[in-house]
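Heads up, the thing below is written out as structure tokens.
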Amino acid sequence: MTLKPYLHEVKYYECDRMGVTHHSNYIRFMEEARIDWMDQLGYGFERMEAEGIVSPVVAVSCNYKHTSTFKDVIEISVKVAEMSELKISFSYTMRAGGKLVATASSTHCFLDGGRPVVLRDRFPQLYEAILATSE
Numbered sequence: 006m007t008l009k010p011y012l013h014e015v016k017y018y019e020c021d022r023m024g025v026t027h028h029s030n031y032i033r034f035m036e037e038a039r040i041d042w043m044d045q046l047g048y049g050f051e052r053m054e055a056e057g058i059v060s061p062v063v064a065v066s067c068n069y070k071h072t073s074t075f076k077d078v079i080e081i082s083v084k085v086a087e088m089s090e091l092k093i094s095f096s097y098t099m100r101a102g103g104k105l106v107a108t109a110s111s112t113h114c115f116l117d118g119g120r121p122v123v124l125r126d127r128f129p130q131l132y133e134a135i136l137a138t139s140e
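Under this note's numbering, the letters of the sequence shown match residues 6 to 140, in that order.
Here it is in structure tokens:
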């Protein structure tokens, strides 16, 4: 299953005094893209939370390659980089105007009631849907 990239248009308030997108916003863009990715998967955050799943960030990294500015449309591709019984890592590729803007990653665990869960056992539908994106 192939999911569509997420598109984010840079807002004026997301830029610094030099007119460049502030570096901290890329972490927010990653979250927006991940939420969109989960929605496309059919397992949005509302559904996850209704079924008792939360997926906090345990690590995040972003490598900046080129600047983006106000009104640039950043295309963010999300892919599963690695998945274990307790964690999932995503990779993000961000492009604007044909240029590579940033590459990034985030790692998340799965919790139910504050306790770690094995996703495959506790939520097999979500586990299988995530695996299907790798095919």
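Every residue, glycine too, gets a C-beta built ideally from N, C-alpha and C.
Treat the numbers as computed from the prediction; the structure is a model and nothing was measured.
Whether Glu90 touches Val123 by CB criterion (7 Å)
The count along the sequence shown starts at 1 and reaches residue 90 at position 85. The count along the sequence shown starts at 1 and reaches residue 123 at position 118. In this structure, Val123 lies closer than 7 Å to Glu90 by Cβ.
One question on the structure: do Glu37 and Asn30 come within less than 7 Å of each other, judged by their Cβ atoms?
Here the question's residue 37 lines up with position 32 in the sequence shown. Here the question's residue 30 lines up with position 25 in the sequence shown. No.
Distance, Cα to Cα, Cys114 vs Glu87?
Here residue 114 is taken as the residue at index 109 of the sequence shown, counted from 1. Here residue 87 is taken as the residue at index 82 of the sequence shown, counted from 1. When rounded, the distance between both Cα atoms is 12 Å.
If you draw a straight line from the C-alpha of Thr72 to the C-alpha of Asp126, how long is it?
Position 67 of the sequence shown holds residue 72. Position 121 of the sequence shown holds residue 126. Approximately 42 Å between the Cα atoms of the pair.
Where do the ends of the beta strand (DSSP E) carrying Arg100 lie?
The residue you call residue 100 lines up with position 95 of the sequence shown. Unbroken beta strand (DSSP E) run through Arg100: 92-101.
Let me check understanding here. Comparing Cα to Cα, which of Val78, Phe50, Trp42 lies closest to Tyr17?
For the purposes of this step, residue 17 is taken as residue 12 along the sequence shown, with counting starting at 1. Of the listed residues, the one whose Cα sits closest to Tyr17 is Val78.
List, from N- to C-terminal side, the beta strand (DSSP E) runs of 3 residues or more that fit wholly inside the stretch 10-87.
11-14, 62-69
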